[in-house]
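A short worksheet on the structure shown next.
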DNA sequence: TCCTATTTGAGGCACGTGCATCAAATCAAG
DNA sequence: CTTGATTTGATGCACGTGCCTCAAATAGGA
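Residue numbers (UniProt numbering), protein chains in the order written: chain A, 1 to 340; chain B, 1 to 340.
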């Protein structure tokens, strides 16, 4: 009933605890034959190292860094909040989390920052930054140096590492499905608003959106993406333009993670009847907008879950153990004013 | 930087480690004045007991029991599967989980089963059983005896204990919102199918459903709940009856956690155009039904999350520590064929 | 065969806490 | 002040693992 210990392992393998230790911690100077014996015993007994005891012995403490864009977006603030929560939740596991801000548009400085992290003080990093060769390289280099590193929310596509985030193509498709199903009109056009179409995330959402719309709602037409660049005046101008000129408008898809500006602009315009509005990410603002009907639906990734998942993954890499994929899958959440 | 230990505490409080130990573990024979001194030091240093070390010292192992109804429902099977997963996920924390089957309709036997659990072998129980005074009593008795106990999925309303599950009223409201918004007709009737309306869960879902429908979609009428009692023939009869007689049918709400029978029956009937179908719980069956359009939407509670949440809560009670509410809130998930 | 390099074993301390024992100090009451 | 009870301190082992040192055993090469 009791889990086997290194002592049991030693006995079963017919070696000393010192040798078991050498094998378990990959130290030099053990004959292959002995290594095999120990591994066989591990398998036979189903031995798993008691990480708690190990960490105790090593007085190990984890320090994870979340490298996030510098920005005033509510969504990012939510994430920071959740990082604080996670720190509490994982306090028992001796986990500390720090937030560091990076300049998302300067891959070079991001890479430099990552390069500055040493395995002595930093057990792992979760990086939220647009895809770029420099960053990808820096991540590889980190991993080599023994610092766990995973892309966070923004993916570095071609990497086969673990990553934490949602399938943005599916998220876009979900937005399309909801707009199509919510709309009472048979046909019409849909306005798509993004902050910028530079990022992979936006592109993928748009791809998924168009695919689903074409497949399931061929009578609805998505207009070209409008880019606000986070500028309120510009947003007002381009949105007003579409709203007043397009008589067929039946839906609005706000693709960026910050729905505030577009929604605010829209609410100043004469309310167009029966136009369905879909946005992204749960924030105090989008919750309020759902409540009073400025948004009909919000598609969200569970920020708290993502943060915890990142911590678990970094911890697992750090421990050289494995995570449990089931738990780590980030779902695409659909929020209405009934299920907040 | 290092977290303070009991040694530091002792020094700060000006007492010995033995006394600190007496206070921390609530042993007898310590003067109130000394207790206060130690508590003051705890607060001052921000001491938190290192549970890992404590568990190591005690060779503590957790054994949690999930008391689930005996049944062939897919949803329950999913839960069992997730319990197995959770066991792996928490293996590092020395957690073991067992599933015990209870007769959900016999509160007396459930109470007897709960009474048979001893704190020696069982650290905690998660109980999925309909509300009843006997069960509620048994839970109280368990807690007194030092066995953590929480209602699981089915709630024991009036208890102010922790519990794990969703707000069924909100779930029903969400179903209504989706049916209303998905439907292309201005008015019509909605069929509501349940396995039985005996349980609180069903009642609450119905309440929430009716409230939201009345509020947001006054032109849609919900028909009286049809009860299948899990009997396929009966289901076929009553469903066929409504479908063939009600020309206004625009939606179907399958309220029970087992959507299989109603959906299967419905798919044998001549497909009624534009009828929106909403079911509950994610299972292999409902996933397939979403894919091929037999269901338009599924409202689910994240089974894996619930199981893990239950484990964390039981563990926290067992450790006399606190959980982090944020993480434990079980969301009402909306599943379409785009976000599976 | 002997010598040396490699591989293994034995043992011990550390991590932070729980728990037990026994002695020492302090207290309250007579 | 004495007596006995209550409260505190000192000390040591245990939990499972990491890590260190030193000695012993074994291997391979000449």
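In this text, a Cβ means the ideal position worked out from N, Cα and C, and glycines have one as well.
- Query: How big is the Cα-Cα spacing for residue 65 of chain A and residue 229 of chain B?
  - Reply: Cα atoms of residue 65 of chain A and residue 229 of chain B: separation of roughly 53 Å, rounded to the nearest angstrom.
- Could you check which residue in A:10, A:304, A:266, A:24 has the C-alpha nearest to that of residue 193 of chain A? Put simply, of A:10, A:304, A:266, A:24 the residue whose alpha carbon is nearest the alpha carbon of residue 193 of chain A is A:266.
- Message: Less than 7 Å between C-beta atoms, sequence neighbours within five positions excluded: which residues of the same chain meet that for residue 166 of chain A?
- Response: Cβ neighbours of residue 166 of chain A beyond the five flanking positions: 301, 330, 332.
- Task: Anything in chain B within Cβ reach of residue 331 of chain A, meaning under 8 Å, just list it in chain order.
- Result: The answer, in chain order, is 302, 333, 339.
- Task: Report the residue from A:209, A:23, A:84, A:173 whose alpha carbon sits nearest the alpha carbon of residue 307 of chain A.
- Result: Sorting A:209, A:23, A:84, A:173 by C-alpha distance to the C-alpha of residue 307 of chain A places A:84 at the top.
- Taking the Cβ atom as the reference point for each residue, do residue 86 of chain B and residue 311 of chain B lie within a distance shorter than 9 Å? Result yes, Cβ atoms of residue 86 of chain B and residue 311 of chain B sit closer than 9 Å.
- Task: Out of A:235, A:277, A:162, A:240, state which residue places its alpha-carbon closest to the alpha-carbon of residue 294 of chain A.
- Result: Closest option to residue 294 of chain A, Cα to Cα, is A:277.
- Message: As an exercise, report each continuous beta strand (DSSP E) stretch of at least 3 residues that is fully enclosed by the region 108–147 of chain B, in chain order.
- Response: Within the region 108–147 of chain B, the complete beta strand (DSSP E) runs of at least 3 residues are 124–127.
- Item | Rounded straight-line distance, which links the Cα of residue 98 of chain B to that of residue 115 of chain B | Between residue 115 of chain B and residue 98 of chain B, the C-alpha separation is close to 17 Å.
- Item | Unbroken beta strand (DSSP E) run spanning residue 279 of chain B, endpoints | Taken as a continuous stretch (DSSP letters only), the beta strand (DSSP E) holding residue 279 of chain B covers 276–280.
- Could you check which residue in B:257, B:205, B:250, B:197 has the C-alpha nearest to that of residue 347 of chain B? Any property of residue 347 of chain B remains undetermined from this structure, which presents chain B solely from 1 to 340.
- Which runs of the alpha helix (DSSP H) fall wholly inside the UniProt domain "HTH lacI-type" (4–58) of chain A and span at least 4 residues, in chain order? Segments of the alpha helix (DSSP H) lying fully in the UniProt domain "HTH lacI-type" (4–58) of chain A: 6–13, 17–24, 32–45, 51–58.
- Task: Scan the region 170–187 of chain B for residues whose Cβ lies nearer than 8 Å to a Cβ of chain A and list them as they occur along the chain.
- Result: Of all residues in the region 170–187 of chain B, 170, 171, 173, 174, 176, 177, 178, 181, 182, 184 have a Cβ within less than 8 Å of some Cβ in chain A.
- For residue 78 of chain A, collect the residues of the same chain with a Cβ closer than 6 Å to its Cβ; drop the 5 residues on either side in sequence, then sort them by chain order. 283, 303, listed in sequence order.
- Task: At 9 Å on the CB atoms, spell out the chain B contacts of residue 245 of chain A, in chain order.
- Result: The contact set of residue 245 of chain A on chain B, defined by CB atoms closer than 9 Å, is empty, because the minimum CB distance reaches about 27 Å.
- Query: Which chain A residues are close to residue 51 of chain B, counting only those with a beta carbon under 8 Å from its beta carbon?
  - Reply: Neighbours of residue 51 of chain B on chain A, chain order: 92.
- Give the residues from the region 32–52 of chain B that approach chain A closer than 8 Å (Cβ to any Cβ), ordered along the chain. Within the region 32–52 of chain B, the qualifying residues are 48, 50, 51, 52.
- Task: Could you tell me the boundaries of the alpha helix (DSSP H) in which residue 295 of chain A lies?
- Result: Looking at the DSSP string, residue 295 of chain A is not in any alpha helix (DSSP H), and its letter there is neither H nor E.
- Item | residue 258 of chain A, DSSP secondary structure in three states | In the three-state reduction of the DSSP assignment, residue 258 of chain A falls in the coil class.
- Sorted by chain position, which residues of the same chain lie with C-beta nearer than 8 Å to residue 274 of chain A's C-beta, five sequence neighbours on each side aside? Cβ neighbours of residue 274 of chain A within its own chain (closer than 8 Å, five residues either side excluded): 183, 184, 185, 250.
- For chain B, is any of its Cβ atoms less than 9 Å away from the one on residue 296 of chain A? Yes - at least one Cβ of chain B is within 9 Å of the one on residue 296 of chain A.
- Where does residue 337 of chain B land, buried or exposed, given buried means 16+ other C-beta within 10 angstroms? By the neighbour-count rule (16 or more Cβ atoms within 10 Å), residue 337 of chain B is buried.
- Simplified DSSP assignment, three categories, for residue 270 of chain A: It is coil, neither helix nor strand.
- Item | Neighbour list for residue 212 of chain B in chain A, Cβ cutoff strictly below 9 Å | The contacting residues are 338.
- Message: Under 8 Å: do the region 245–260 of chain B and the region 31–51 of chain B share three or more Cβ pairs, one atom per stretch?
- Response: Segment contact: the region 245–260 of chain B against the region 31–51 of chain B, fewer than three CB-CB distances shorter than 8 Å; contact not assigned.
- From residue 197 of chain A to residue 220 of chain A, what distance separates their C-alpha atoms? Roughly 21 Å separates the two Cα atoms.
- Query: For residue 69 of chain B, does the three-state DSSP call read helix, strand or coil?
  - Reply: In this structure, residue 69 of chain B counts as strand in the three-state DSSP scheme.
- Message: Let me confirm a value: residue 52 of chain B is counted as buried when at least 16 other C-beta atoms fall within 10 Å, else exposed. Which label applies?
- Response: Note on residue 52 of chain B: 16 or more other CB atoms within 10 angstroms of its CB, so buried under the neighbour-count rule.
- Task: Could you tell me which residues DSSP pairs with residue 101 of chain A in its beta bridges?
- Result: BP columns for residue 101 of chain A point to A:68.
- Task: Pull up the distance between the alpha-carbon of residue 21 of chain A and that of residue 101 of chain A, whole angstroms please.
- Result: Answer to the nearest angstrom: the Cα atoms are 40 Å apart.
- Query: Would a check of beta-carbon distances place residue 118 of chain B closer than 9 Å to chain A?
  - Reply: No, its Cβ sits nowhere closer than 9 Å to a Cβ of chain A.
- Look at the alpha carbon of residue 170 of chain A and the alpha carbon of residue 205 of chain A, and state the distance between them as a whole number of angstroms. Separation of residue 170 of chain A and residue 205 of chain A (C-alpha to C-alpha, rounded to the nearest whole angstrom) is 7 Å.
- Continuous alpha helix (DSSP H) stretch holding residue 191 of chain A: start and end: For residue 191 of chain A, no alpha helix (DSSP H) run applies; the uninterrupted beta strand (DSSP E) run containing it begins and ends at 188–194, by DSSP.
- Query: From residue 81 of chain B to residue 181 of chain B, what distance separates their C-alpha atoms?
  - Reply: Rounded to the nearest whole angstrom, the CA to CA distance from residue 81 of chain B to residue 181 of chain B is 34 Å.
- Item | Nearest neighbour of residue 191 of chain B, chosen from B:316, B:150, B:143, B:263 [CA to CA] | When each option's Cα is compared against that of residue 191 of chain B, the closest is B:263.
- Grouping DSSP H, G and I as helix and E and B as strand, with all else coil, what is residue 179 of chain A? Looking at residue 179 of chain A - three-state DSSP - the assignment turns out to be helix.
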